[in-house]
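Anchor point for the sequence shown: position 326 equals 326 in the working numbering, and the numbering is continuous, going up by one each time. Glycine included, each C-beta is placed from N, C-alpha and C at the ideal position. Being a predicted model, the structure only gives us computed values, none of them experimental. The structure under discussion appears below in the form of structure tokens.
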Amino acid sequence: MVGIEIHGQEVLLGMEESLTELELLAETAGLEVVGTLTQRLKRPNSKTLIGAGKVEELLALADEMQVDLVVFDEELSPRHQRELEAVFGAKRRVIDRTALILDIFAQHASTHEGSLQVELAQYQYRLPRLTRAWSHLARQAGGGGGRSGGVGGVGLRGPGETQLEVDRREIGRRISHLKDELEKVRAHRSRHRARRRRSRIPVVALVGYTNAGKSTLLNWVAQAEVYVADQLFATLDPTTRRIELPGGHSSLVTDTVGFIQKLPTTLIAAFRATLEEITEAELLLHVTDITHPDVSAQARAVEQTLEDIGAAKIPVLTVLNKIDRLEDPDAAQDVLGSFPDAVAVSALKKQGLDELLLAIGNKLYESYEPISVDLPYQEGALIALFHEQGHVKHIEHDRKGVHIEGRIPGRLLARFRAFEAIEQADIYL
1 MVGIEIHGQE VLLGMEESLT ELELLAETAG LEVVGTLTQR LKRPNSKTLI GAGKVEELLA
61 LADEMQVDLV VFDEELSPRH QRELEAVFGA KRRVIDRTAL ILDIFAQHAS THEGSLQVEL
121 AQYQYRLPRL TRAWSHLARQ AGGGGGRSGG VGGVGLRGPG ETQLEVDRRE IGRRISHLKD
181 ELEKVRAHRS RHRARRRRSR IPVVALVGYT NAGKSTLLNW VAQAEVYVAD QLFATLDPTT
241 RRIELPGGHS SLVTDTVGFI QKLPTTLIAA FRATLEEITE AELLLHVTDI THPDVSAQAR
301 AVEQTLEDIG AAKIPVLTVL NKIDRLEDPD AAQDVLGSFP DAVAVSALKK QGLDELLLAI
361 GNKLYESYEP ISVDLPYQEG ALIALFHEQG HVKHIEHDRK GVHIEGRIPG RLLARFRAFE
421 AIEQADIYL
């Protein structure tokens with residue numbers, strides 16, 4: 001593994017902590033880590049990312065340990081990739097954190113939708129890196145085994161520039177096809193969400209850093225049987241279950257893919273249909289591993305990803321999970337002060353369920369927030385929803401639509417954000 005630290009660059013995890021996480025990723029992918037090389041730089045080397053002397057040191061270390069693979073913790077540019085491949089030759093592969101995460105996703109994608117999303121992300125990542133020596137990246141795309149056979153199935157036979165152009169066109173066509181297929185998936189999900197909205201059952205989305213315990217939590221609160229493993233990215237495909245809340249209320253809870261620092265942009269784009277399950281939720285349960293030494297940094301990584309996908313304004317309830325692993329159970333109470341609206345639980349040991357369900361119910365059904373919106377007449381469903389579930393304090397009609405001021409359940413805020421008036425009347429704040 002190769003880690004670098006660039007002077008002045010803002011990062012969520014320090015170099016050592018990030019390499020520890022990279023090692024977990026490598027183990028999840030089925031690799032054995034035998035060595036680490038690090039370098040602190042004022043600026044990245046334009047050709048090889050690390051300095052020329054470090055490249056020689058890395059090559060000697062790789063020869064000495066007879067490694068098959070070198071993994072960089074930073075994303076390699078296409079030029080970095082080409083230059084490093086030229087140094088290491090055909091006998092040894094060089095990849096980066098992004099390629100490793102894509103490989104893990106390919107292994108774990110178990111549904112048609114998941115396979116499509118992973119395959120698209122792999123092609124988008126690999127296309128600018130296409131070279132004559134590209135066959136070393138021919139891991140099967142999509143993880144399903146029966147799909148395209150990965151990039152290696154696109155014909156990497158010829159050594160000449162003409163063959164590379166053929167490959168690029170083939171991959172470009174495949175990307176267009178995958179986007180069309182995923183757009184159908186997105187439309188299908190949209191119809192499902194519309195039916196859920198008509199049922200008036202609020203949707204809660206589980207979000208959190210990978211391996212924080214989201215799937216275990218879903219199994220616990222919903223008595224479900226979602227696949228659980230003590231590894232990164234064990235769950236890729238969203239799973240939705242119904243849960244009962246205090247007071248005779250109910251909710252739908254959806255488990256989604258875990259986040260991680262330096263989450264590849266290609267993955268965020270490819271998993272758009274899945275991530276929309278988060279953006280359409282009325283409450284987010286941010287599941288954190290309270291025992292992790294970098295839990296605060298992990299929480300910031302999740303918050304950054306939520307902002308990137310447009311979900312930053314959705315109400316959040318923080319769940320401090322794995323309190324059973326604390327040497328001092330009272331320590332959980334100390335951490336609670338660092339996270340507003342937090343509940344401490346152990347999903348594995350089934351501790352704190354009553355408090356969690358009560359907090360979810362309060363967030364969904366008892367918390368009303370002030371808001372002022374301008375709704376066009378074509379948004380009749382939202383106008384009706386405000387009247388049905390909110391408290392209307394003031395309403396005005398004009399030729400464009402309806403201006404409404406009042407209070408709505410906090411779980412509905414995200415639906416109205418796009419129509420929020422620039423100024424709210426002070427009386428309602």
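Taken in chain order, the whole alpha helix (DSSP H) runs of length 4 or more contained in the segment 75 to 123 are 78 to 88, 97 to 108. Counting other Cβ atoms within 10 Å of its Cβ, R411 reaches 16 or more and is therefore classed as buried. The count of Cβ pairs closer than 8 Å, one atom from the segment 237 to 250 and one from the segment 355 to 370, reaches three, so the stretches are in contact.
K400 counts as exposed, since fewer than 16 other beta carbons sit within 10 angstroms of its beta carbon.
Boundaries of the alpha helix (DSSP H) harbouring I360: 353 to 361, taken from the DSSP string. In its chain, beyond the 5 residues on either side, V221, A222, S250, S251, V253 have a beta carbon closer than 7 Å to the beta carbon of I243. By a beta-carbon distance limit of 8 Å, G208 contacts H286. Their separation comes to about 6 Å.
In the pairwise beta carbon analysis, the segment 315 to 331 is classified as touching the segment 340 to 348: at least three pairs are separated by under 8 Å. A distance below 8 Å separates the beta carbons of R93 and D68. The DSSP-derived three-state label of D374 is strand. Y368 and L283 have their C-alpha atoms spaced approximately 13 Å apart. Note: D289 is bridge-paired with N321 in the DSSP secondary-structure output. Taking the C-beta atoms as reference points, E280 is found no nearer than 8 Å to T256. The Cβ atoms of D374 and A421 sit closer than 8 Å to each other. A90 sits exposed, since fewer than 16 C-beta atoms from the chains shown fall within 10 Å of its C-beta. Counted as a single uninterrupted DSSP element, the stretch harbouring G8 is not any beta strand (DSSP E), since DSSP gives it neither H nor E.
Shown here, H192 sits in a helix according to DSSP, grouped into three states.
In the three-state reduction of the DSSP assignment, A26 falls in the helix class, which pools H, G and I. Residue environment analysis places Q378 among the exposed positions, since fewer than 16 neighbouring C-beta atoms fall within 10 angstroms of its C-beta. One alpha carbon belongs to L100, the other to L182, and they sit about 23 Å apart. The C-beta distance from A347 to L217 rounds to 4 Å, short enough to meet the 8 Å contact threshold. The beta-carbon separation of M15 and T48, rounded to 18 Å, does not stay under the 8 Å limit for a contact. A buried status is given to I314, since no fewer than 16 other beta-carbon atoms sit within 10 Å of its beta-carbon. Counting along the chain, G53 sits inside the alpha helix (DSSP H) bounded by residues 52 to 65. In the three-state scheme derived from DSSP, where H, G and I count as helix and E and B as strand, L206 is classed as strand. In the DSSP secondary-structure assignment, T279 is not bridged to any residue. Annotation: K322 to G310 spans about 28 Å, alpha carbon to alpha carbon. With a threshold of 16 other beta carbon atoms within 10 Å, Q122 meets it and is buried. Per the coordinates, the alpha-carbon of G8 lies some 38 Å from the alpha-carbon of S115.
If you draw a straight line from the Cα of L31 to the Cα of E327, it is about 32 Å long. Within the model, the alpha-carbon separation for I104 versus T98 is close to 10 Å.
Taking the CA atoms as reference points, Q261 sits about 17 Å from K214.
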